Every structure is written in structure tokens, then in C-alpha cells.
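Undergrad: Counted the way the working numbering counts, the sequence shown spans residues 8 to 450. All C-beta atoms in this analysis are idealised placements derived from N, C-alpha and C, irrespective of residue type, glycine included. As the structure is a prediction and not an experimental result, all values here were calculated from the model. Here it is, the structure in full.
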Amino acid sequence: MKNDRTSMTDSQFSIPHSQIPPGYKQTEVGVIPEDWEAVVLDKVTQRGSGHTPNKQHPEYWNGDIKWISLKDSERLDKPYIFDTADKVTKAGIANSSAVLHPKGTVVLSRDAGVGKSSVMAQDMAVSQHFMAWQCGETLKNFFLYYWLQFKKSEFERIAVGNTIKTIGLGYFKELRIPHPPIAEQTKIAQALSDTDALLESLEQLLAKKRQIKQGAMQELLTGKRRLPGFGDGKGYKQSEIGMIPEDWGIQQIGDFCICFSGGTPSTSNPNYYGGRIPWITSSDLNEIRIKSVKGRISSNGLANSSAKMVEAGTLLIALYGATAGVSAITEVSGAINQAILAIKPLGKCSEYLFQYLRLRKDFYIKTYTQGGQPNFSGEIVKAFLVALPPSEQEQQAIAAILSDMDLEIGSIERKLTKTRQLKQGMMHELLTGRIRLVEEAQS
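Following this line, the structure appears as C-alpha cells:
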């Protein structure tokens with residue numbers, strides 16, 4: 008059967024009664040279709056929570072019963088929760104206020120990680136930091152799960168507390184939800200579940216491609232694997248950074264690169280900012296390939312500061328702050344400040360060095376900085392050791408393979424972002440009834 012999809016615009020959802028469209032009504036949960044209800048969640052579910060068995064009793068722990076706690080934050084916000092960090096015993100349940108909830112129970116964190124939710128894939132217990140709902144005959148558990156996901160930002164907003172944000176139990180006793188006919192709940196949940204399945208497949212593909220790229224970097228940038236036409240019959244030798252091909256060399260970045268950093272125009276002079284010159288900051292380096300930047304400085308700002316211009320194609324590395332050690336290639340010409348070092352190889356391949364810096368980032372941080380937030384200087388970066396193939400042609404060949412992998416990974420990342428945005432839009436439309444999924448016979 009075909010679906011009858013009735014859509015409504017944002018303007019049709021304003022509060023004044025005169026603007027409520029035909030077939031819809033104003034309720035405590037907003038404007039919803041006339042054949043939907045606004046119900047107190049407790050009326051259509053059995054609400055529960057949990058407890059933490061006494062940790063002074065080892066016989067209460069390490070049993071067979073999975074027990075959802077704040078340690079499981081990363082396992083939530085997925086349709087199902089399959090496993091938990093901690094497990095309890097039957098004795099732990101019997102001698103505490105913990106409850107064994109049945110498979111299919113919907114859980115929501117009301118403390119740290121407020122608003123994270125999931126559905127139990129099997130019978131489980133929860134700590135006191137969670138709400139648990141067993142859905143009655145008129146409420147589909149996955150409809151509730153997706154509605155909780157949709158309202159997550161509201162849960163985060165109303166949580167209170169200085170150190171740990173929390174939502175009191177009283178809020179959940181009065182919580183109301185939109186309640187479509189059961190058939191429509193099923194269709195809504197299925198549509199969103201299909202999108203989740205696509206997201207999961209993309210996330211798995213992305214993880215696989217990243218793993219393949221990391222393996223390729225480890226092999227190609229160390230010479231463990233040579234490309235056809237390069238290094239035929241060559242052996243290996245020991246170097247300052249480990250085994251490398253006998254025809255490769257080790258050089259410091261400062262030996263074959265021109266390196267410079269910039270400065271920051273005075274922030275007290277508004278005439279130095281808002282001009283036409285792109286202002287590249289260390290946070291922009293997270294993009295790996297810098298295609299655009301938000302910041303701008305003026306020609307006066309550039310002339311009256313130590314800011315330096317860099318050309319498109321220049322390799323950049325962040326010297327300090329949260330992005331220390333992160334490198335990128337800018338695809339726009341712009342100015343840099345003192346937190347960025349520009350690196351321009353002479354007679355070497357920039358793309359090869361870029362990939363090498365990415366591979367060795369953690370090593371450089373561990374080797375050249377001590378504890379806390381890493382901070383580099385230009386002199387430290389110039390002292391970085393790099394394994395270099397003997398010809399620029401081999402460097403380019405290695406870089407081309409790794410760059411193609413980056414392009415493929417970037418394509419998957421963009422598709423993943425678009426699919427996440429699509430899901431958010433679908434939740435907004437379907438869970439408010441703006442778009443209907445009903446049979447023609449019901450139209």
C-alpha cells in the first residue's frame with residue numbers, strides 16, 4: 008500500500024489557535040494530529056528505576072546479570088544496549104532495591120550523560136541514575152525510544168546541578184508524550200530504525216576504511232612495504248627511528264624545509280579585523296584540508312602585526328593548545344598566527360610530509376613534550392626526524408595512495424553527516440505528526 012504523507016510547514020505550528028491547521032489540535036505536548044493523544048507516560052508504561060548493590064559484598068558482583076550504570080554512557084544512544092561494564096548477581100538484586108527489568112525495557116540516563124537512552128536487548132538491571140519504562144499494549148517501545156531521543160536537548164536543558172546535572176523523579180512522573188495510534192507508532196519507529204541501520208552501516212564502513220588507512224600509513228611511510236618500481240632488491244637498515252629501507256634517509260624537518268609562524272593583530276583595534284584576508288587559526292587545522300575559514304583580518308591588521316601570509320597548498324601544524332601536533336594543508340591563501348607553524352619542503356613532497364606528520368603525531372607529543380597539554384615551538388618541530396624515500400617520485404607515489412584514501416574517508420564522513428541530519432529532520436517531522444505515515448484507508 009502507498010503511504011499518505013501529509014506535511015505541514017513550520018509557520019503552521021505557531022501557538023495561536025487561528026493558525027492551527029485543519030486536522031490538528033493544540034495539546035500539552037504541542038500541536039499534534041486530531042487522532043493522536045497527549046498522555047502521561049506513566050499511564051501507558053510501568054515506570055521503574057534501579058539501585059547499586061552494596062560494593063562491600065563481593066558476592067553481589069561479577070555475576071551474570073548485566074547492570075546499566077554511568078560507565079555505559081558510550082553504549083547508549085543506540086537502538087539496543089547489548090552489554091554493560093559491570094554485572095551483578097541474583098543475590099545483589101535480592102539484597103538491594105535493584106530490579107531485573109525485562110528485555111525491551113526503555114532506559115534513560117537522568118544524571119551524568121543526561122538524556123541518553125536505549126532499549127534493553129535482554130533482561131537487565133540499572134543503577135539509580137536511570138529511568139526504566141516497560142511499555143504497555145498501546146505504546147511501542149521503539150516509538151518511545153525515538154521520542155526520548157528527539158527530546159534529548161530538552162532533558163539536557165532542564166537538568167540541574169553544579170558538578171553532576173540531574174533530573175528529579177518528579178519530572179518523569181508528570182512527563183507527557185504524543186500518543187499516535189499503535190499502527191502509526193510502528194510505522195514511525197520502523198522508518199527511523201531503517202535510518203539507524205543505514206547510519207550503523209556507514210559508521211562500520213568508516214571505521215574499516217580508517218583502519219585500512221592507518222595500516223597503509225604504517226607500511227608505506229616506514230618503507231615496510233615498497234611500491235612497484237621502487238627499491239627493487241634493497242634491504243633494510245637500523246636508524247634513529249627504527250628499521251627503514253637501506254636507500255632511505257633520516258632528516259630533521261629543519262634540514263629540508265622553510266618554517267615560519269605568524270602573529271596576532273591587536274584585538275583592541277577593530278580596524279584590524281573583519282577585512283578580506285582569511286585568518287587561519289589552529290582550530291581550523293582539525294579540517295585536515297582547509298577549504299574555508301570564518302575569521303578575517305584587514306590589510307592593516309596584517310601590516311601592523313607579526314601575522315604571516317601562507318599560500319594555498321602550504322603544510323601547517325598547530326604548535327600548542329588543544330590542537331597541538333595536528334597538521335593540515337590549507338587550500339586557501341590566508342594569514343596565520345603564532346600558534347601555527349608553516350612548513351614548506353624544498354625539493355621534497357609536501358603531501359608525503361603531511362601524511363608522515365599525521366602518522367607520527369602521538370610519537371612526537373610523547374617524545375618532545377612532558378605531561379599536561381602538549382606545547383611545541385618552531386625549533387622543536389624543526390628537530391622532528393622524518394624517514395624519507397630517496398626520490399621525490401616515490402614520496403609522491405606514496406602520498407597519492409594515502410591521499411586517495413583520505414578522499415574516500417572524507418566522502419563517507421560527509422554521507423554520514425548528511426544521514427544524521429536526515430534522521431534529525433525525520434524525527435522532527437514524524438514524532439510531531441507534521442508528516443503522517445498512515446494507510447490510504449485511514450486518510
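1. Taking C-alpha atoms, which residue in C142, H58 and S125 lies nearest to S103?
2. I believe T91 touches M131 by the beta-carbon criterion, under 8 angstroms. Please report the beta-carbon distance rounded to the nearest angstrom.
3. Any idea if H24 is buried or exposed, counting beta-carbon neighbours within 10 angstroms, 16 or more meaning buried?
4. When DSSP labels each residue in this structure, what does G269 get in the three-state scheme?
5. Determine contact between the region 394-407 and the region 431-441, defined as no fewer than three beta-carbon pairs at a distance below 8 angstroms.
6. Is there contact here, the region 55-74 with the region 206-215, by at least three beta-carbon pairs under 8 angstroms?
7. What is the DSSP secondary structure of S398, reduced to helix, strand or coil?
8. Grab the span of the alpha helix (DSSP H) containing N148 for me, first residue to last.
9. With a CB to CB cut of under 6 angstroms and the five nearest residues on each side skipped, what residues in its chain are close to F179?
10. Have a look at G240 and I405 and give me their C-alpha separation to the nearest angstrom.
11. Taking the CB atoms as reference points, tell me whether P185 and I27 lie closer together than 7 angstroms.
12. Is it right to say T424 is buried, meaning 16 or more other beta carbons lie within 10 angstroms of its own, or is it exposed?
13. Any idea what DSSP makes of R117, helix, strand or coil?
14. Going by C-alpha distance, which of R303, G354, Q129 and Q33 is nearest I75?
15. Using DSSP bridges, identify the partner residues of W68.
16. Measure the CB-CB distance between Q402 and Y359 and report whether it falls below 7 angstroms.
17. So what does Y87 bridge to, in DSSP terms?
18. Quickly, what does DSSP pair C142 with across the bridge? List them, please.
19. Looking only at C-alpha atoms, which of S80, Q400, Y327 and A101 sits nearest to G236?
20. Sorted by chain position, which residues of the same chain lie with C-beta nearer than 7 angstroms to G269's C-beta, five sequence neighbours on each side aside?
21. Excluding the five sequence neighbours on either side, which residues of its own chain have a C-beta within less than 7 angstroms of the C-beta of W43, listed in chain order?
22. Check whether the region 165-173 and the region 115-125 touch, using three or more Cβ-Cβ pairs below 8 angstroms as the test.
23. Which term fits R443, buried or exposed, when burial requires 16 or more other beta carbons within 10 angstroms of its beta carbon?
24. Can you give me the Cβ contacts of I416 inside the same chain, cut-off strictly under 8 angstroms, excluding the 5 residues immediately before and after it?
25. Do you know how far the Cα of T52 is from the Cα of C455?
26. Going along the chain, which residues of its own chain have a beta-carbon closer than 7 angstroms to the beta-carbon of A196, five neighbours each way excluded?
27. For K85, which residues from the same chain have a beta carbon less than 7 angstroms from its beta carbon, with the 5 sequence-adjacent residues on both sides left out?
28. Given this structure, state the Cα-to-Cα distance separating V451 from G177, to the nearest angstrom.
29. If you draw a straight line from the C-alpha of A223 to the C-alpha of L414, how long is it?
30. Identify every run of the beta strand (DSSP E) within the region 244-298, keeping only runs that are complete inside it and at least 3 residues long; order them along the chain.
31. Going by DSSP in three states, N10 sits in which element: helix, strand or coil?
32. If you draw a straight line from the C-alpha of V106 to the C-alpha of V133, how long is it?
33. For K389, which residues from the same chain have a beta carbon less than 6 angstroms from its beta carbon, with the 5 sequence-adjacent residues on both sides left out?
34. Measuring straight from C-alpha to C-alpha, what distance separates Y363 and P272?
35. What residue from T112, I171 and K158 has the CA that sits closest to H136's CA?
36. Let me check understanding here. Comparing Cα to Cα, which of Q377, S334 and L322 lies closest to P365?
TA: So, to answer that:
1. Residue H58 is the option with its Cα nearest to S103.
2. Approximately 7 angstroms separates the beta-carbon atoms of T91 and M131; this is inside 8 angstroms, confirming the contact.
3. Exposed, by the Cβ-count rule.
4. DSSP places G269 in coil when its eight states are reduced to three.
5. With the cut-off at 8 angstroms, the region 394-407 and the region 431-441 do not touch.
6. Touching, no.
7. Three-state result, S398: coil.
8. It spans N148 to F157 - the alpha helix (DSSP H) in which N148 sits, taken as one unbroken run.
9. The answer, listed in chain order, is M138.
10. Cα to Cα, G240 sits roughly 19 angstroms from I405.
11. Between P185 and I27, the C-beta gap is not smaller than 7 angstroms, which leaves the two residues out of contact.
12. Residue burial annotation: T424 is exposed, with fewer than 16 other C-beta atoms found within 10 angstroms of its C-beta.
13. Reduced to three states, the DSSP call for R117 is coil.
14. The shortest Cα separation from I75 among R303, G354, Q129 and Q33 belongs to Q129.
15. Its beta-bridge partners are V95.
16. Yes, the pair counts as a contact, with Cβ atoms nearer than the cut-off.
17. Beta-bridge partners assigned by DSSP to Y87: V126.
18. DSSP output for C142 lists T52 as bridge partner(s).
19. The residue among S80, Q400, Y327 and A101 with its C-alpha nearest the C-alpha of G236 is Q400.
20. Counting only Cβ-Cβ distances below 7 angstroms, and skipping sequence neighbours, we find S313, A314, K315, A342, I343, N344, Q345 and I347.
21. Closer than 7 angstroms at Cβ, skipping near neighbours: P185, H186, P187 and G440.
22. Touching, yes, given that three or more Cβ pairs across the two stretches are closer than 8 angstroms.
23. Flag for R443 reads buried.
24. Contacts found: L213, K216, R217 and K220.
25. Outside the modelled stretch of the chain, which goes from 8 to 450, sits residue 455, for which no answer is possible.
26. The beta carbon of A196 lies closer than 7 angstroms to those of K147, F149, F150 and Y153 in the same chain, with the five residues before and after it left out.
27. The beta carbon of K85 is closer than 7 angstroms to those of S125 in its chain, skipping five residues each way along the sequence.
28. Shown here, the chain extends from 8 to 450; a query on residue 451 therefore has no answer.
29. Distance from the CA of A223 to the CA of L414, rounded to the nearest whole angstrom, comes to 14 angstroms.
30. Qualifying beta strand (DSSP E) stretches, in chain order: 249-252, 256-259, 264-268 and 280-287.
31. Note that N10 scores a pLDDT of 43, beneath 50, so its modelled location is shaky and nothing firm can be said.
32. Between V106 and V133, the C-alpha separation is close to 7 angstroms.
33. The residues are I260, G261 and C266.
34. The straight-line gap from Cα to Cα measures roughly 32 angstroms.
35. Answer by Cα proximity: I171.
36. One point to set straight first is that residue 365 is Arg, not Pro, in the sequence displayed. Selected option, being the one with the closest Cα: S334.
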